[in-house]
DNA sequence: ACCGAGTATGGTAACGGTTACATAGTAGCA
DNA sequence: TGCTACTATGTAACCGTTACCATACTCGGT
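Protein chains in written order, with this note's numbering: chain Y, 155 to 492; chain V, 155 to 492.
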């Protein structure tokens, strides 16, 4: 209840007329303490407004009860659900979270790793494309357990929760073929254009069409120019697949502004199934890859694996195509907007 | 470079043939160290893969270099931009962030406060409606500096970055009146229905219309039922003001699905200007309250105020109405937009 | 030759907890 | 009665850094 200068365990011990060891036992809840003593101590704690020093505890026990979560950018709507689930799971298990926005910036990545190392972080969950590749050497000497989220499966060194991107793409491809599309554009950043990127590969295999890759620098920005570019190359009907929902929603907006019918002339499909995707007009067809699974399974792996770095486990979540209104049968006549 | 058992400052000192004090000087960068010695020590640090223990540093120096950010739910699209800006500003000033999702759960709020206290957090930024009211007593005895974000201005005890909700509402009201609306619904949660909630008040004053409050339990959920409810009470033309963009986008979706014209018959206005609001169809008229300002100014206040709890400062950000396509002149005949 | 200021380094007591070990009382039981 | 097991509490070493103090060397000025 008192103002807070620094109250230590010794102050509490004096006030209650016991030793620090006894106070410590009361706090931690193990070891023998009589009911009477416990009462006294608890009263003193309350009275003095004592709160144990995390730093001292952590130093003495050599445990941090903190785990780090590295993502690229919380503003990308893919992440909030992931972060939320990781935080929830972590807290249930007695850990708290340090959130790191790496922004794909290499200096920042390194700074964060140093920082987390110095915090003696028990674990490190990473959901940032390319991070594991860029920082592999550095990650090897990280003290805590490392778990990769949403990276490609089959990593030999780190435990991984992955999605089957190929399969997700394939579902999109099949769907587009089924509703009659013959031309497909795939909208993504430079990374997704890399050789054999499985999601794009899946779209191509599933549809039997050589989907054309369109590069955008960042999500949501120059989509206006991009819409123009697409329309110069090709007239509807065609389909556009966005690497994520924001890209898809944004390009959909641009195309509708130009008077095209979605669906009917153009189909648009996204990826991630963010909350808003079902609220836009038309509601977006997309692929749900269960962000919240990542959190739960990631923490599961972290605990399963424990301290033994040689143990590597893998889980895979299955993506699911959610068909809504932004993709559909093509209409025959070339009729535009009324 | 070595595997990580625990390398301490002593190991480095031995390896470099100096004392721990010297190593400490090299790390912190102040005090006298010769160039030759510095070199030696830095090499040893690298060689051994040494990383100073945050816990030990923090214990010894009695500083945490950590600040806590309490929000209600990162999944609410209002928050990512705020979190991102706070994190950015915090890191620039040498602090790192512990993110706390209180979920409006009182037990969780208390648990977080205890936790942050025990971490000897230097500061605490809170952007969670009602938190300061519920936990005021507890907050008073918090050790670090407390800054309230997006609370009503004029708090007597804590520094505050506020928005002028009344003015934001008023802008919405005036706009709706100007384009000819006579009926307005305000969609919000129980909290916003409270007596004299300034934003709602502003809408009423600005429009000169007694806007009707509609309660929804949480954003985005039972909006379908709500759309029905509104339509039973009233036929278009009317306007719907959402307490946030997600509510607005969602109700807009429902109303369009029922064949109404937006704009023309119905206008929909949101609040927050989240990134997606300009990408939906029609693009959403909304109020920008500069989430990223909150982060910057919040950290500014935190540093300005320093350790002296008696100092209380205030900043106010001015909201700005962004007129897009979801609100517009009413059409006389039932004909839609050209 | 001597002095003081500046430079370079080492020794060591904290910081605030936890925990192994020691001590001692009490109760059950042969 | 004496032995064992359990309960209850205290003592003190230790976790890894930092910062205060002491020591010692260098050098320019008188």
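Every residue, glycine too, gets a C-beta built ideally from N, C-alpha and C.
Helix, strand or coil at residue i according to DSSP, with G and I counted as helix
i                      : result
residue 481 of chain Y : coil
residue 161 of chain Y : coil
residue 319 of chain V : helix
residue 266 of chain V : helix
residue 370 of chain V : coil
residue 246 of chain V : helix
residue 223 of chain Y : strand
residue 438 of chain Y : coil
residue 461 of chain Y : coil
residue 191 of chain V : helix
residue 204 of chain Y : coil
residue 230 of chain Y : coil
residue 306 of chain Y : coil
residue 110 of chain Y : Residue 110 of chain Y is absent from the model: chain Y starts at 155 and stops at 492.
residue 392 of chain Y : strand
residue 339 of chain V : strand
residue 474 of chain Y : strand
residue 420 of chain Y : strand
residue 146 of chain Y : In the structure displayed, chain Y extends from 155 to 492; residue 146 of chain Y sits before or after that span and is not available.
residue 344 of chain Y : helix
residue 199 of chain V : helix
residue 403 of chain Y : helix
residue 290 of chain Y : helix
Rounded separation between residue i and residue j - CA only
i                      : j                      : result
residue 287 of chain Y : residue 339 of chain Y : 28 Å
residue 326 of chain V : residue 365 of chain Y : 45 Å
residue 407 of chain Y : residue 390 of chain Y : 16 Å
residue 183 of chain V : residue 396 of chain Y : 49 Å
residue 489 of chain Y : residue 432 of chain Y : Residue confidence for residue 489 of chain Y is low, a pLDDT of 42 falling below 50, so the modelled location carries little weight and cannot support an answer.
residue 398 of chain V : residue 200 of chain V : 51 Å
residue 409 of chain V : residue 382 of chain V : 9 Å
residue 285 of chain V : residue 243 of chain V : 23 Å
residue 310 of chain Y : residue 210 of chain Y : 37 Å
residue 279 of chain V : residue 313 of chain V : 10 Å
residue 250 of chain V : residue 263 of chain V : 20 Å
residue 222 of chain Y : residue 270 of chain Y : 7 Å
residue 246 of chain Y : residue 239 of chain Y : 11 Å
residue 208 of chain V : residue 351 of chain Y : 40 Å
residue 405 of chain V : residue 377 of chain V : 6 Å
residue 413 of chain Y : residue 455 of chain Y : 49 Å
residue 197 of chain Y : residue 189 of chain Y : 12 Å
residue 192 of chain Y : residue 430 of chain Y : 52 Å
residue 400 of chain V : residue 342 of chain V : 11 Å
residue 257 of chain V : residue 281 of chain Y : 23 Å
residue 344 of chain V : residue 402 of chain V : 16 Å
residue 172 of chain V : residue 267 of chain Y : 27 Å
residue 259 of chain V : residue 204 of chain Y : 24 Å
Cutoff 6 Å; reference residue i; Cβ partners in own chain excluding five residues on either side
i                      : result
residue 195 of chain Y : 170, 177 and 180
residue 481 of chain Y : 417, 421, 423 and 439
residue 293 of chain Y : 300
residue 187 of chain V : 179 and 180
Cβ distance (whole Å) where residue i is taken to contact residue j below 8 Å
i                      : j                      : result
residue 443 of chain Y : residue 473 of chain Y : 5 Å
residue 335 of chain V : residue 421 of chain V : 6 Å
residue 253 of chain V : residue 448 of chain V : No, residue 253 of chain V and residue 448 of chain V are not in contact; Cβ-Cβ is about 15 Å, not under 8 Å.
residue 434 of chain Y : residue 435 of chain V : 7 Å
residue 380 of chain Y : residue 368 of chain Y : 6 Å
Own chain, CB closer than 8 Å to residue i, minus 5 neighbours either side, in chain order
i                      : result
residue 328 of chain V : 360 and 361
residue 353 of chain V : 319, 320, 322, 323, 346, 397 and 425
residue 461 of chain Y : 299
residue 470 of chain V : 307, 315, 316, 317 and 318
residue 248 of chain V : 219
residue 206 of chain V : 163 and 181
residue 485 of chain Y : 415, 418 and 419
Contact set for residue i: own chain, Cβ-Cβ below 7 Å, skip 5 residues either direction
i                      : result
residue 202 of chain Y : 156, 161, 165, 166 and 169
residue 459 of chain Y : 299, 313, 465 and 467
residue 483 of chain V : 333 and 334
residue 452 of chain V : 240, 279, 301, 303 and 315
beta-carbon residue i near the ligand ADP non-hydrogen atom, thresh 7 Å
i                      : result
residue 350 of chain V : Among the components modelled here there is no ligand, and therefore nothing to report on the ligand ADP.
Does the count of Cβ pairs from the segment 217-224 of chain V and the segment 271-278 of chain V closer than 8 Å reach three?
Taking 8 Å as the limit for Cβ pairs, the verdict is that the segment 271-278 of chain V does touch the segment 217-224 of chain V.
Should the segment 231-239 of chain V be called in touch with the segment 228-241 of chain Y, which here means at least 3 C-beta pairs below 8 Å?
At 8 Å Cβ cutoff, the stretches touch.
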